[in-house]
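Residue numbers (my numbering), protein chains in the order written: chain A, 1 to 496; chain L, 1001 to 1496. Think of the CB as a built atom: it goes at the ideal place given N, C-alpha and C, for glycine as much as any other residue. Owing to the predicted nature of the structure, the values given are computational and were not obtained by experimental measurement. For reference, the structure is listed below as structure tokens.
Number of protein chains: 2
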Amino acid sequence: MLTYNLEKKGEQTLYGYLYECIRSDILCGRILPNEKLPSKRTLAKNMEISVKTVENAYEQLLVEGYVRAEEKRGYFVNAVEGRAAGNKSAGNPADGNMETGKEAGMETGINADRKAGIKTDMKVHGGNGHGKEEWFADFTSNYKVYEKFPFSTWAKIMRETLSYHDMELLEMVPTLGIEPLREEIAKHLYEFRGMEVSPQQIVVGAGTEYLYGRLIQLLGRDGIYALENPGYLKMTRLYKNHGLSYRYVDIDGNGIRLDALRESGANVVHVSPGHHFPVGFVMPVARRQELLNWAGEERGRYIIEDDYDSEFRLNVKPVPAMQTLDTDHRVIYLNTFSRTLFPSVRVGYMVLPPKLVERYLETVSFYSCSVSAVEQYALASFMEKGYFERHIRRVKLYYKEKRDGLLAELKRTPLWGKCTLIEENAGTRFLLRVDTPLTDSQIKWCAAGRGLNLSCLSEYCKGQTKETGGILLISYGDIPKGRMREAVGRLSAVFG
Amino acid sequence: MLTYNLEKKGEQTLYGYLYECIRSDILCGRILPNEKLPSKRTLAKNMEISVKTVENAYEQLLVEGYVRAEEKRGYFVNAVEGRAAGNKSAGNPADGNMETGKEAGMETGINADRKAGIKTDMKVHGGNGHGKEEWFADFTSNYKVYEKFPFSTWAKIMRETLSYHDMELLEMVPTLGIEPLREEIAKHLYEFRGMEVSPQQIVVGAGTEYLYGRLIQLLGRDGIYALENPGYLKMTRLYKNHGLSYRYVDIDGNGIRLDALRESGANVVHVSPGHHFPVGFVMPVARRQELLNWAGEERGRYIIEDDYDSEFRLNVKPVPAMQTLDTDHRVIYLNTFSRTLFPSVRVGYMVLPPKLVERYLETVSFYSCSVSAVEQYALASFMEKGYFERHIRRVKLYYKEKRDGLLAELKRTPLWGKCTLIEENAGTRFLLRVDTPLTDSQIKWCAAGRGLNLSCLSEYCKGQTKETGGILLISYGDIPKGRMREAVGRLSAVFG
């Protein structure tokens, strides 16, 4: 028999609370499709509330389609799998969180801002803007790592930059970015990514999404852009806004499938070979070579190598960038400092193959560089003095400790016996395949009911949801140490 | 008889110098079409150089089409009007300057960077990058005003911002920009431009060209964009790169012509009603109202009000923005701090009509704000403490003194008797209509020969060059005080 703890209702109306509880149980799979709800009278008596209250709650569930009323028989639960998105209209705060959480899970260089966007959304629309704080633990976000950033060092360097460069900081910034910064980036790429590039190939801009806009103008809007599936699907918003054609191309365990890519007719492909989003694997060299061969087969084919987060891979040396294998001027390398420094720093860069540099200068260089001089000089100095390298090591350690802590707790729970780790050395997150009868929606709802924000691999897939069901994306960067045990315990409890 | 001062040849070869001199005289109209050049022998004797040198110079002129050889009669000058663009292939440094100067003349918010772009171009392509310094006086540029910027105050505020905000500076910036800055901009717009807008309508971004990109995504790429003619024609590069349709729409003395606008089929029109580029006039209220009526006639019609440089109008109070008349949510106001502060500050903003704000948040807000937090907080503080207002007053005074100095000198020259001033209170530049038989190309070449960089209104016109011939654009911001008399004297000498 259904019953709920009325003490937890908080400031909600009684009927609203009851509605919430039942709805959550339906979405969570605790009440199964076609199950009969207790009669209004029975439930009212059982919970010591008025029949009118139960009636109002049932009415609301009816209106929203969670239950159906069968004449003279009572209320029955509908099959509501995959309904999460539709719930928005109900306007309850939990939905809001769910949406925010979902967005927060997207964390390539290009998406780090989405959170900002959403926060503002909420503000403008009268929301509370506190989405994140309401979770007991958020397994979708790696935002708080910025707290490890050596701000006082950064501030010192900014002050020095202001004193040392003086009026020079007011002058026009060259369109590709200031020379010293491009030199430091070239050095960094050589040491960390094995890339031998000239500073003249490097374009600095206000974040990777900004540079992507330039890139589209460079490569043209007549082509077809291909995207990994699963992958960073939100990229399609950018494609749509630019009026581009795009295709989803399935991946296998080694990366994007060449047969599917050929079939798609695409001429530009966006991949993250160093750290697949969201799975985290590295594309092996054989597949990289196949992809490069594909590019070489026809004029105008290009590979955009999104190298976000490759710096944080644990236990192994970072894999050299795909760009290092490119002898045919086909790879455009893209990365950002918003992930390696802190979220508000709007500095990304791309490395163009030499043949594209000239075209860039001809077609797109009339745009100004979008990053302020002082920030560019400060960043160059931060890198030159070795702080950047040191910070990356520190962040890697931070992620390693978080991950080790999480795994240690996980091993103590019943969940450990029914799950498999995938890419646990990817850094920033790993995947957890759970042997469970629950659907992904049910998993998310159950987790939400326990104060956990979760996202599943299926959210990053177009089609083929069957194979990818029951795989959780576990980002651990934002789980406070003191909550790790409890958070993992609650996670385990989701699966009974 | 032709003769040239060989002492001025500098490091050029003798024949190269001779070629340059003759070519310049041809382009300048000092040697007329069909005029016969002296025979090689005569010129050689006259200038005390070898016949071979003259022969080489003539040969070069012949190859490039400046002269023709008529059998047994000698060398005759061809009609070469309008050849300037084609000269590039000759590869002489003066051409390079001419190009740079031309670009430097473009100075709306959107174009301030072009210089940077060109500088880099030159660097990459092995040029010297010093274009500007080679002119005795550059009448096309207002770049150096940044030297008036109170850098030490700015640096102090940046330092304070770093100390006061601390870690907060690392956090994600809301997509529209930080609240305090948007509040200060709203206050500024109220006081200076008569606009009553909410900070929620303001979007901060890395320069107006960046915001323009967002705007295109917001308004859609299916429409037709209209541009004033004459006007900021380089805008078409941005339209082209975004794959948009656009039309040139003629202006009359009051601004864009409504009949021509209707005929164009455009639904978005880009205007600068507060300070027409490059003419400088203010669009009178009647025309503004007509334009607003046009926008109101059909769904999806919008007016982009580019308000660049309106702050610097002399002698009168700034005219309220067109946005203040907009009751129908049709005007998008655009401005930049790159012009009012200093060139390297990549901060622009737009004011959306309330109805577009929501659409913006839905369609484009997934992009991050492209301006770093520290710069936004510093700018907010700079404005809040009244430094921005004070700086604008100072810059206005700077322009006024430059202009007054120039006019005082102009009155002492013969040119004064054959010219008319147009929009001399526009600030930053005025137009000078000269009664002269010279074509615009000849004017520019003669001026270049005297070390002056000049641009003409016809360069900003599509078609209709006849009516706009002989009108010079006189930007005075970069003429050093000590050179004003000499510069104006040389300008007068161009017209004999």
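Between residue 1188(L) and residue 1495(L), the C-beta spacing is not below 8 Å. Within the segment 1363-1384 of chain L, contact with chain A at the beta-carbon level (separation under 8 Å) is assigned to 1363, 1364, 1365, 1366, 1367, 1368, 1369, 1370, 1371, 1372, 1373, 1374, 1375.
The beta carbons of residue 276(A) and residue 313(A) sit no closer together than 8 Å. Here the C-alpha atom of residue 168(A) lies approximately 47 Å from the C-alpha atom of residue 229(A). DSSP places residue 1076(L) in the uninterrupted beta strand (DSSP E) bounded by 1074-1077. Membership of residue 301(A) in any beta strand (DSSP E) is not indicated, and neither H nor E is assigned to it by DSSP.
Taking 9 Å as the Cβ-Cβ cut-off, the segment 332-364 of chain A approaches chain L at 338, 341, 342, 343, 344, 345, 346, 347, 357, 358, 361, 362, 363, 364, given in chain order.
Looking at the backbone, the Cα of residue 459(A) and that of residue 442(A) are separated by about 13 Å. Looking at the DSSP output, residue 1475(L) sits in a beta bridge with 1429(L).
No Cβ of chain L is located within less than 8 Å of the beta carbon of residue 491(A).
At a Cβ-Cβ threshold of 8 Å, residue 1473(L) and residue 1429(L) count as neighbours.
The Cβ of residue 1300(L) sits no closer than 8 Å to any Cβ of chain A. Beta-bridge pairing by DSSP links residue 36(A) to 76(A). In this chain, the alpha helix (DSSP H) harbouring residue 1409(L) covers 1387-1411. The beta strand (DSSP E) runs lying completely inside the segment 197-262 of chain A and spanning 3 residues or more are 202-205, 224-229, 245-252, given in chain order. In the DSSP assignment, the residues bridged to residue 1419(L) are 1434(L). The C-alpha of residue 1077(L) is placed about 55 Å away from the C-alpha of residue 245(A). Close to chain A, meaning a Cβ-Cβ distance shorter than 7 Å, are the following residues of the segment 1183-1216 of chain L: 1200, 1206, 1207, 1209, 1210, 1213.
The C-alpha of residue 22(A) is placed about 45 Å away from the C-alpha of residue 1300(L).
Residue-level contact by beta carbon fails for residue 137(A) and chain L, as no gap is shorter than 8 Å. Looking at the backbone, the Cα of residue 1367(L) and that of residue 176(A) are separated by about 21 Å. C-alpha of residue 164(A) to C-alpha of residue 180(A): approximately 14 Å in a straight line. For residue 1170(L), the neighbours in chain A by C-beta distance under 9 Å run, in chain order, 146, 147, 149, 151, 154, 341, 342, 343, 344, 345.
Residue 188(A) sits in a helix when the DSSP states are folded into three classes.
Less than 8 Å divides the Cβ of residue 158(A) from the Cβ of residue 374(A). Scanning chain L for C-beta atoms nearer than 8 Å to the C-beta of residue 243(A) yields 1221, 1243, reported in chain order. Following the DSSP letters along the chain, one finds residue 1336(L) inside the beta strand (DSSP E) bounded by residues 1331-1336. Contact check for residue 1421(L) against residue 1137(L) fails: the beta carbons are separated by 8 Å or more. With respect to chain A, the C-beta atom of residue 1309(L) has no partner C-beta closer than 8 Å. Cβ-Cβ distances below 8 Å link residue 50(A) to 44 in the same chain, with the five nearest sequence neighbours on each side left out; the list follows chain order. Here residue 1072(L) is exposed. Its C-beta has fewer than 16 other C-beta atoms within 10 Å. Fully contained in the segment 1277-1328 of chain L are the following alpha helix (DSSP H) runs of length 4 or more, in chain order: 1285-1297.
The residue from 1260(L), 1360(L), 1248(L) with its alpha-carbon nearest to that of residue 1216(L) is 1360(L). The closest CA to that of residue 48(A), considering only 271(A), 222(A), 59(A), 18(A), is found on 18(A). Beta-bridge partners assigned by DSSP to residue 452(A): 137(A). With distances taken between CA atoms, residue 1148(L) lies nearest to 1393(L) out of 1418(L), 1393(L), 1483(L), 1410(L).
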